[in-house]
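Asks:
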Amino acid sequence: MTAKDLLNQGVDLARRQDCLGAITIFNTVIESLPNYAKAYFNRGCAHYAMGDYAVAIEDFSWAIHLAPDYASAYLNRGNAQRKLGHTDAALEDFEHGIQLTPLSTRGYCNRGLLRLDVGNYAGAVRDFDYALRLQPHFPRGYLWRGVAWLRCGDFKRAINDLNRALALNPHCAKTYNQRGLAYFYQVDYRQALADFNQAVDLDKDLADAYNNRATLRTEMGDYAGAMADYCEALHLNPALPEAYPQTLKQLHNALHDSPAPGKLSLLNNRGNTRATLGDSGGALNDYAEALRLDPNHAYVYNNRGLVRLYLHNYEMAATDFSEAIKLNPQFAEAFSNRGGIRQHLGNLEGALQDINQALDLNPSLANAYVHRGRIHVDLKNYMKAMADFNKALTLQPDAAHTLNERSVLRFRLNDTEGALADVNRALELQPQFSDAYINRSLIRFDRGDRSGAFSDLDSVMSLHHQRTSRPDDRAIA
1 MTAKDLLNQG
11 VDLARRQDCL
21 GAITIFNTVI
31 ESLPNYAKAY
41 FNRGCAHYAM
51 GDYAVAIEDF
61 SWAIHLAPDY
71 ASAYLNRGNA
81 QRKLGHTDAA
91 LEDFEHGIQL
101 TPLSTRGYCN
111 RGLLRLDVGN
121 YAGAVRDFDY
131 ALRLQPHFPR
141 GYLWRGVAWL
151 RCGDFKRAIN
161 DLNRALALNP
171 HCAKTYNQRG
181 LAYFYQVDYR
191 QALADFNQAV
201 DLDKDLADAY
211 NNRATLRTEM
221 GDYAGAMADY
231 CEALHLNPAL
241 PEAYPQTLKQ
251 LHNALHDSPA
261 PGKLSLLNNR
271 GNTRATLGDS
281 GGALNDYAEA
291 LRLDPNHAYV
301 YNNRGLVRLY
311 LHNYEMAATD
321 FSEAIKLNPQ
331 FAEAFSNRGG
341 IRQHLGNLEG
351 ALQDINQALD
361 LNPSLANAYV
371 HRGRIHVDLK
381 NYMKAMADFN
391 KALTLQPDAA
401 HTLNERSVLR
411 FRLNDTEGAL
421 ADVNRALELQ
431 PQFSDAYINR
441 SLIRFDRGDR
451 SGAFSDLDSV
461 MSLHHQRTSR
471 PDDRAIA
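Using the UniProt record's numbering, read the sequence shown as starting at 1 and increasing by one per residue.
#1: Could you check the C-alpha separation between T468 and G278 for me, to the nearest Å?
#2: In terms of residues, what are the limits of the alpha helix (DSSP H) holding C45?
#3: Could you tell me how far apart the beta carbons of F94 and A80 are, in whole angstroms, since I believe they sit closer than 8 Å?
#4: Let me know the secondary structure DSSP gives Q246 once reduced to three states.
#5: Determine, using beta-carbon pairs with one atom in the region 321 to 335 and one in the region 344 to 351, whether at least three such pairs fall under 8 Å.
#6: Cutting at 7 Å between CB atoms, please list the residues of its own chain near G180, excluding the five before and the five after it.
#7: Report the CB separation of L134 from H171 in whole angstroms; it is logged as a contact under 8 Å.
#8: When the Cα atoms are used, what is the spatial distance from A275 to A283?
#9: Using CA coordinates, which residue listed in D456, G452, R447, D449 is at the minimum distance from D435?
#10: Measure the CB-CB distance between A318 and I341 and report whether it falls below 8 Å.
#11: For L365, which of helix, strand or coil comes out of DSSP?
#12: Are three or more beta carbon pairs between the region 220 to 233 and the region 286 to 294 nearer than 8 Å?
#13: Is the beta carbon of G97 less than 8 Å from the beta carbon of Y74?
#14: Specify the secondary structure class of D127 as computed by DSSP and reduced to three states.
#15: According to the neighbour-count rule (16 or more other Cβ atoms, all chains shown, within 10 Å of its Cβ), is F454 buried or exposed?
#16: Alpha helix (DSSP H) containing A283: first to last residue?
#17: In angstroms with no decimal places, state the Cα-to-Cα distance between Y310 and Y369.
#18: For E31, count neighbouring C-beta atoms within 10 Å of its own C-beta (all shown protein chains included) and say buried if the count is 16 or more, exposed if not.
#19: From R308, L168, C152, T402, pick the residue whose C-alpha is nearest to that of N362; which is it?
#20: Give the secondary structure of M220 by DSSP, where H, G and I count as helix, E and B as strand, and everything else as coil.
Printed below as a string of structure tokens:
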């Protein structure tokens, strides 16, 4: 049997996921032919498949040393570097691989995924554009570009790409999961739920889909369903005990000091759920634990800032939003949230700077228009405020808190009928929205509807005793 035959045998074993058997064969080939680059390359692939990324890098490096124009070795070594978080080394390898094979779809996709990792979403879109020009029927290319558009905040383009991905591969759970997120951010909860359900049906082990559905169910007021999904996500985390606990307190005990892949995201999501259930202390504990594991996640600081804002700890909230901005200067939501605090504290100039920066980064950020509208109200620029509220509602037509804001402004401008229409719609969308009941009671008093006004105030008192929900305009990352 020739060395090439033996190599092919090893490749066949690796394809059948017998990586240890494949490595044994590749070792034999290398002993016979120590300068055979393909043997090192394939052994590196087997080590990569087993998660031994550092060893894989050594093998790919030997393959490159023996064959300096081995493009696949550069691309695979770049992937291993990416897995280890060596972003600069990974980018260098991908660049070299692309130079050697400029018509390689794989090279552009690998570089695009790396750019997604580091937050260079525009660069990622360009890479996936190149890849899709070379291979226009590549479903994962549309999926990845859709994710890039999603992170850019361009939900329409994201959905368009994800639709094309599903047309090419209608059984991809990850694509449904990502499209569900896009619909969620557009406040199309019905379609988002349908997509998350489909993702879970296609892949019962897709923890991200359970996490996302839990967040959606929280927004929809289905807290029991949200916690069931959240617990299922924890159950899918292989580092947790088999008999995973069912209560939030037990979940905290099980997670404490038990690092696991994805644990930070799970802690963040559980913190979001606790915040929604009114357990602000528990939420802060989860965010603190997540940041103890890794203090470099801007979205966790942003979420903790939102809870601190809810607790009226404005300075601490502003510090969290500032930290989020420091870690990610492109974090439009954090600028918007800090702007909201500055507006509340009377620093209208600083607030306006933050909000304008948020909108420069993401012109589709509806909540930023709401914050700016409030600033314009404070400045008595009522027409500018109305324009901002209208823009926010164009982006998110079913946002109850924005409808209520516009209702208040319309009432101030003597548009009683418009004010009543807006607040009625807000309460139709969110029946436990106490601020909207207060607003409607004032409108009803003005219209002479004392009975309706007192009924609204009764609703406010009833909600006050059972209030467990978080602020209506809180964003969850």
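Ideal Cβ positions, reconstructed from N, Cα and C, are used throughout, including at glycine.
Replies: Taking the definition as stated:
#1: Unreliable positioning characterises T468 in this predicted model, as indicated by a pLDDT of 44, which lies under 50. The coordinate reading is nonetheless provided below. The straight-line gap from Cα to Cα measures roughly 5 Å.
#2: 37 to 49
#3: Not really, about 12 Å apart at Cβ, beyond 8 Å.
#4: Caution applies to Q246, whose pLDDT of 40 falls short of 50 and renders its modelled position unreliable; the model cannot decide the point.
#5: No contact exists between the region 321 to 335 and the region 344 to 351.
#6: A192, D195, F196, A199, N212
#7: So it is not a contact: roughly 24 Å between Cβ atoms.
#8: 5 Å
#9: Of the listed residues, the one whose Cα sits closest to D435 is D456.
#10: yes
#11: coil
#12: no
#13: Annotated as proximal: G97 and Y74, with beta-carbon spacing under 8 Å.
#14: helix
#15: Exposed, because fewer than 16 other Cβ atoms sit within 10 Å of the Cβ of F454.
#16: 280 to 293
#17: 20 Å
#18: exposed
#19: C152
#20: The answer is coil: DSSP assigns M220 none of H, G, I, E or B.
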